[in-house]
């Protein structure tokens, strides 16, 4: 990371961050905001990210500062790529590890060939229902808040686009994948629907965002490392 001035950050910078596991996207942005404000004694400072990652996901966050925050919508609309793991044989209400397994299914009939051929059902334009445990709003409340209160909500399906769905490894019931998709695609929903398509169940057990448009997580930086470099280890406390 080159030495940037206060004016550089205010005029606009695009920062690539590798979000750690169990951090919220908000926490990652806040870490950078705190470090930049502390370094340059800024009172007001614009900063935001171009696409949320769940706390149980890791990977690429595109973060914009200053005047570049006007470009967030543009970056949000770009294609995204993910790698991760679906685990077969069980479902959870959240479609991932945020909640416990609530139903189990037979998997004896599932073969590697069936797994690989089933991916074709999810290529191109598809319809999917967002998870009930998501940050979307219904009547002013987050869906996950309603779900935790046990309130059933009818969530309309939405059209999304999947340009690539590759099975990269099969380790028992753990299916490793790479997916490239449009804005608004829920990989957790693909996991749940993939299990149904196999006449079984599945949930997401690992997720990493590797690309947003031409930006790659290989060029991204841990938010704690960013703060260490900007402030020095002693100041970053």
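Residue numbers (the UniProt record's numbering): 1 to 237.
Here a beta-carbon is modelled for each residue, glycine too, at the ideal position from N, C-alpha and C.
query: I'd like the list of long-range same chain contacts for residue 103, defined as Cβ closer than 8 Å, with 5 residues on each side in sequence excluded.; result: 90, 91 and 201
query: Do the stretch 162 to 182 and the stretch 42 to 62 make contact, defined as three or more Cβ pairs closer than 8 Å?; result: no
query: Nearest to residue 19 by alpha carbon, out of 231, 232 and 226?; result: 226
query: At the level of alpha carbons, what is the spacing between residue 160 and residue 184?; result: 7 Å
query: When you compare the stretch 107 to 126 with the stretch 215 to 230, are there three or more beta-carbon pairs, one atom per stretch, that lie closer than 8 Å?; result: no
query: Please report the distance separating the alpha-carbon of residue 188 from that of residue 199.; result: 17 Å
query: Is the number of C-beta pairs between the stretch 26 to 37 and the stretch 66 to 74 that are closer than 8 Å three or more?; result: no
query: Please go through the stretch 141 to 229 and give each complete beta strand (DSSP E) segment of 3 or more residues, from N-terminal end onward.; result: 158 to 171, 174 to 181 and 202 to 212
query: In whole angstroms, what is the alpha-carbon distance linking residue 99 and residue 86?; result: 15 Å
query: By the 10 Å Cβ neighbour count, where 16 or more other Cβ atoms means buried, how is residue 174 classified, buried or exposed?; result: exposed
query: According to the Cβ coordinates, are residue 203 and residue 82 closer than 8 Å?; result: no
query: Quick one, which of 180, 208, 218 and 116 has its alpha-carbon nearest residue 195's?; result: 116
query: My output table needs one value for residue 56: the three-state DSSP class, helix, strand or coil.; result: coil
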